[in-house]
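Note that the sequence shown covers residues -21 to -1, 1 to 189 in mature numbering (1 follows the signal peptide of the UniProt record, and there is no 0). Working notes, structure below.
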Amino acid sequence: MMRHLPAVLLGTATLALGACATPVPPVEVTRFHTAAPAGWAPGTRYVVDSAPLADPAAMSPGSQPSLEWNSYRLAVERQLQLQGLVAAEGASESTVPIKVRIGFERSDHAAPGKRSPVSVGVGGSTGSYGSGVGLGIGFNLGGGPRQMQDLQLSVRLDDAATGRALWEGRAISSVPVKAPAAQPSLAAAKLAEALFKDFPGESGRTITVP
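As structure tokens, this is what we get:
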């Protein structure tokens, strides 16, 4: 029986860790708009403002957007183009109907740790399985606080001529720091897709997108 113990423990540990794996949380989306977005014809042109929406003052004059911001820009533009809008490369705002402003925020926090629902202990008749092996071995599969990242994508579509907001929305999610979904390109794609789901969406309503 001794020679089979490591396999038993390994199998149990794998099962427990799989049960404790946290899926990527859904995205919370809120949108506001006028009646205009629903009436945009396919082919309507837009231009992206290079200044981040969240904090335009964070960029000094002449500086370039960060690589991470560019990941969000590309993700947002993909969704805009799926709605039939067309990027106006090199065009000035005065000749394009829509100006797009994009911002994102990323912040870290520690989430309370969760105790594993499966414990493993082997020793006499006190183990979880009452094996009576008597090795006196035990370990806890629970974990401490997890490092999480709060992600927020904000997008605003303005009338380029007047600066009046036509549509604006935000998408918020929280993912483990080490999860694949925390990578900028994947996070940007997930948040942008959720934000533009059923565009333009119901104004003033917060929905949850899996």
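The beta carbon of each residue, even a glycine, is placed where N, CA and C say it ideally should be. Please read all numbers here as calculations on a predicted model, not as lab measurements.
| Query | Result |
| --- | --- |
| Beta-carbon contacts of leucine 165 that lie in its chain and below 8 Å, excluding the five residues immediately before and after | Pro159 |
| Rounded separation between leucine 61 and arginine 125 - CA only | 36 Å |
| Burial state of glutamine 162, where buried means 16 or more other Cβ atoms lie within 10 Å | exposed |
| Residue span of the beta strand (DSSP E) that contains proline 155, given as start and end | 144 to 155 |
| Sheet register partners of glutamine 60 (DSSP bridge) | Paired residue(s): none; glutamine 60 is not in a bridge. |
| Counted within 10 angstroms of its Cβ, other Cβ atoms place aspartate 87 as buried (16 or more) or exposed | exposed |
| Terminal residues of the beta strand (DSSP E) in which leucine 130 lies | 125 to 138 |
| Own chain partners of histidine 12 with C-beta closer than 6 Å, once the 5 adjacent residues on each side are dropped | Trp146, Pro179 and Ser182 |
| Cα-Cα separation between arginine 94 and serine 29, rounded to whole angstroms | A caution first: arginine 94 carries a pLDDT of 48, below 50, which makes its placement in the model unreliable, though a value can still be read off. Distance between the alpha carbons of arginine 94 and serine 29 is about 45 Å. |
| Distance CB(alanine 139)-CB(valine 55) smaller than 8 Å | no |
| For arginine 24 and valine 75, believed in contact at Cβ under 8 Å, the rounded distance | 5 Å |
| Proline 4 versus serine 152: straight-line alpha-carbon distance, rounded | 7 Å |
| Glutamate 47 versus Thr187, Phe175 and Ala168, residue with shortest Cα-Cα distance | Ala168 |
| Sequence-distant residues of its chain with Cβ nearer than 6 Å to glycine 22 (five each side left out) | Val65 |
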